[in-house]
Each structure stands twice: as structure tokens, then as C-alpha cells.
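Residues 13 to 262, numbered by this note's numbering, are exactly what the sequence shown covers, in order.
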Amino acid sequence: LGAATRRELDSLSRLAGAIAHDYNNLLSGIVGYTGMLQTLPDLPAKAAHYVAELQKSATRLNEMTQRLLLFGRQGIARPQILDLNQLVAEALRSPDVVPADRTVRFEQATEAVHAHADPLQVRIALANLVQNALEATGPVGGEVVVRTLRRSSPSPFPTFFAVAPAGDYVAIEVRDSGPGIDSQRLVRMFEPFGQAEGRPAGRGLGLAVVYRIAQNHNGYVEAESEPGLGTRISVLLPASSPAPTNQVSK
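Here it is, written out as C-alpha cells:
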């Protein structure tokens, strides 16, 4: 990406963070009061139903707010040593990541893939990448493959946003057999609320959040797409030594 695009993303991230911070404070009150209403013993059944629906909406809004906070670099990070093979395998079993009517193939690395990272943020990045791939393949369903791998480079190498320094990395790669897009539209997919023509409106901040999560962990994003050949997007994180068994995140 060019310097102008990176500056625009940074400006938008600061704005998103400021908005999300205030919004999160207001939302906390809504969640708290609806929770108190649900505990009332004499709450009519119809009112209880409405309160439950409010609580569901508040939960979804809270998830959106957390994405905004992540994009604005104001999310709370709790990094630990992660086994990416384990984290990805467990996440892909969740209907929140892969709907029951869709299939995603997982190609697990045969070697250790550990990173010092926040498990929630990595899971959000994975979920957004999978969602993007599922949208690309459409309701009829094409192939979506998630892969974990190690990557070592003795010299600096280019990524989608910047040049990564030499070193050891672990990666989560998501590729799809969708129609693919050209490089100009691929850049727009990483803009907040950006989407390529012909693609449904998805999570709005999806790939922008993936980019920010990679940045939060001193990582990088690689993205390749070509019309007719599908899309491949990877998050690269600095590799870490495995922790003692009782400290590795599950």
C-alpha cells in the first residue's frame, strides 16, 4: 500500500478508537440495566422477551464495538504463548466462525507453530478472514482452505503493507476458490467498510481489523488475488518458542 493509504487508515483508526471508546461507555450502561431487568421476579413474560432481545442486540453491538476498539488500537491485549494449530482447529469447529451449512478445510502445520499473541484478537482475525472467503465463494459454496505454517526468511521480504524484516514467522493462511479480484479492488477490501464490487456487504471492518491485529502483534499481512483464480490472505506473526505445557493457550 502507498503512504497516502496508510496515512488514511491511521487517521480513520484514531477516529474509530475515539468513537468506540465513548460508545463502549454508553453500551455498558445498556447491558447493565437490561441485565438488572432480567433479574426482576415480577417481570411480565412479554416484557422479559423484549428485554432478552435487547440483550442480544447489545451483545452484537458490543462485538462491533470491540472491533472498532481493535481498529483504533484501544482494545485490551492479553498476549500469551499460543499454539496456532490448536487455536485454529478449535475456532473452525465453532458455528460463529464456520456456519453449519458451510465447509472449511484445515491443513494443519506438521511442525510447531507458536506465537506470543492475544488469543481473542487472533481468533477475530481468523473469523474475519474465513467470513471474507465464504462471502467470496457465494451461497453455492466453493472451496475455502485454512492453513497454518512456519516461514523463515534470511532477508527482508515484501508484504501487502510493508517490508517485513528477516526472521522466523508463523502464519495463518486463508484461501478461497472464489472469482478473485484485481489488485486495486483488493486494496479497497482492507479499507474500513470497503468491499469489492459484486461482493455482499460483510462485516464492514473485517479486513481492516485483520490488518490492525497484525500490526498490534508486530506482524504483517500478505494478500494475493487475481480474477478467475481466487484469493489468498495470510497473517504473519513473529514465531515464538513453545511455553511449558500448562501455559500454552487452548
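Built from N, CA and C at the ideal position, the CB exists for glycine as well.
Between the stretch 154-161 and the stretch 193-205, do three or more beta carbon pairs fall short of 8 Å?
Too few Cβ pairs lie closer than 8 Å, so no.
Sufficient close CB pairs (3 or more, under 8 Å) joining the stretch 118-135 to the stretch 157-166
Contact holds between the stretch 118-135 and the stretch 157-166, because three or more Cβ pairs, one in each stretch, are under 8 Å apart.
Give a yes or no on whether the C-beta atoms belonging to valine 222 and asparagine 97 are separated by under 8 Å.
The residue labelled residue 222 in the question sits at position 210 within the sequence shown. The residue labelled residue 97 in the question sits at position 85 within the sequence shown. No, the pair does not count as a contact, with Cβ atoms beyond the cut-off.
Helix, strand or coil: which one does DSSP assign to proline 56?
Counted from its first residue, the sequence shown places residue 56 at position 44. It is coil, neither helix nor strand.
Assuming leucine 94 and alanine 137 form a contact by the criterion Cβ under 8 Å, report the distance between their Cβ atoms to the nearest whole angstrom.
In the sequence shown, the residue the question calls residue 94 occupies position 82. In the sequence shown, the residue the question calls residue 137 occupies position 125. Contact between leucine 94 and alanine 137 does not hold, since the beta-carbon distance rounds to 12 Å and is not under 8 Å.
Are the Cβ atoms of threonine 171 and valine 116 separated by less than 8 Å?
Locating residue 171 in the sequence shown gives position 159, counting from the first residue. Locating residue 116 in the sequence shown gives position 104, counting from the first residue. No. Outside cutoff.
Buried or exposed by the 16-neighbour rule on C-beta atoms within 10 Å, applied to valine 100
By 1-based counting over the sequence shown, the position of residue 100 is 88. So valine 100 ends up on the buried side.
Starting from glycine 218, follow the alpha helix (DSSP H) in both directions and report where the run begins and ends.
Position 206 of the sequence shown, counted from the start, is the residue given in the question as residue 218. Annotation for glycine 218: the continuous alpha helix (DSSP H) segment containing it runs 218-228.
State the DSSP-derived secondary structure class of arginine 90, mapped to helix, strand or coil.
Taking the sequence shown and counting its residues from 1, one reaches residue 90 at position 78. Correct three-state label for arginine 90: coil.
Give me the Cα-Cα distance between isoleucine 184 and asparagine 74, rounded to the nearest whole angstrom.
For the purposes of this step, residue 184 is taken as the residue at position 172 of the sequence shown. For the purposes of this step, residue 74 is taken as the residue at position 62 of the sequence shown. Each residue's alpha carbon lies about 26 Å from the other.
So alanine 176 packs on leucine 249, CB below 8 Å; how close in whole Å?
Your numbering for residue 176 matches position 164 in the sequence shown. Your numbering for residue 249 matches position 237 in the sequence shown. No, alanine 176 and leucine 249 are not in contact; Cβ-Cβ is about 11 Å, not under 8 Å.
So what's threonine 71 in DSSP terms, helix, strand or just coil?
Position 59 of the sequence shown, counted from the first residue, corresponds to residue 71. It is helical.
When you compare each of Ala70, Ser237, Pro131, Val186 to alanine 145 by their alpha carbons, which one comes out closest?
Taking the first residue of the sequence shown as position 1, residue 145 is located at position 133. The alpha carbon of alanine 145 has as its nearest neighbour, out of Ala70, Ser237, Pro131, Val186, the alpha carbon of Val186.
What is the DSSP secondary structure of proline 131, reduced to helix, strand or coil?
On the sequence shown, residue 131 is found 119 positions in, with the first residue counted as 1. Note: proline 131 maps to helix in three-state DSSP.
For valine 100, report the span of its alpha helix (DSSP H) as first-last.
By one-based count along the sequence shown, residue 100 stands at place 88. Per DSSP, valine 100 belongs to the alpha helix (DSSP H) from 96-104.
Do you know offhand how far arginine 90's Cα is from arginine 224's?
What you label residue 90 is simply residue 78 of the sequence shown in a count that begins at 1. What you label residue 224 is simply residue 212 of the sequence shown in a count that begins at 1. C-alpha of arginine 90 to C-alpha of arginine 224: approximately 16 Å in a straight line.
Helix or strand or just coil, what does DSSP make of alanine 208?
As a working note, residue 208 is residue 196 in the sequence shown. Because the pLDDT of alanine 208 is 47, which lies under 50, any placement of that residue in the model is unreliable, and the number read from its coordinates should be weighed accordingly. The DSSP-derived three-state label of alanine 208 is coil.
Ignore the nearest five residues each way along the sequence and tell me which others in threonine 46's own chain have a CB closer than 8 Å to its CB.
Against the sequence shown, residue 46 aligns to sequence position 34. Closer than 8 Å at the Cβ level, and outside the excluded window around threonine 46, lie Val63, Leu66, Gln67, Ala70.
List the whole-angstrom C-beta distance separating glycine 179 from glycine 242, where the pair is believed to meet the contact cut-off of C-beta under 8 Å.
The sequence position of residue 179 within the sequence shown is 167, counting from 1. The sequence position of residue 242 within the sequence shown is 230, counting from 1. The Cβ separation is near 29 Å, so there is no contact.
Where does aspartate 108 land, buried or exposed, given buried means 16+ other C-beta within 10 angstroms?
Reading the sequence shown from its first residue, position 96 is the one you call residue 108. Residue burial annotation: aspartate 108 is exposed, with fewer than 16 other C-beta atoms found within 10 angstroms of its C-beta.
Below 8 Å between beta carbons: does that hold for glycine 192 and proline 254?
As a working note, residue 192 is residue 180 in the sequence shown. As a working note, residue 254 is residue 242 in the sequence shown. Going by C-beta atoms, glycine 192 is not nearer than 8 Å to proline 254.
According to DSSP, is alanine 213 helix, strand or coil?
The count along the sequence shown starts at 1 and reaches residue 213 at position 201. Residue confidence for alanine 213 is low, a pLDDT of 43 falling below 50, so the modelled location carries little weight; the figure read from the coordinates is stated next. Three-state result, alanine 213: coil.
Between which two residues does the alpha helix (DSSP H) containing arginine 114 stretch?
Your numbering for residue 114 matches position 102 in the sequence shown. For arginine 114, there is no enclosing alpha helix (DSSP H), as DSSP gives it neither H nor E.
Cβ distance (whole Å) where valine 110 is taken to contact valine 142 below 8 Å:
For the purposes of this step, residue 110 is identified with residue 98 of the sequence shown, where counting begins at 1. For the purposes of this step, residue 142 is identified with residue 130 of the sequence shown, where counting begins at 1. Contact between valine 110 and valine 142 holds: their C-beta atoms lie close to 6 Å from each other, under 8 Å.
Where does leucine 38 land, buried or exposed, given buried means 16+ other C-beta within 10 angstroms?
Along the sequence shown, read from residue 1 onward, the residue named residue 38 stands at position 26. By the C-beta density criterion, leucine 38 is exposed, having fewer than 16 other C-beta atoms within 10 angstroms.
Count the other CB atoms within 10 Å of the CB of histidine 61; is the residue buried (16 or more) or exposed (fewer)?
Your numbering for residue 61 matches position 49 in the sequence shown. Residue burial annotation: histidine 61 is exposed, with fewer than 16 other C-beta atoms found within 10 angstroms of its C-beta.
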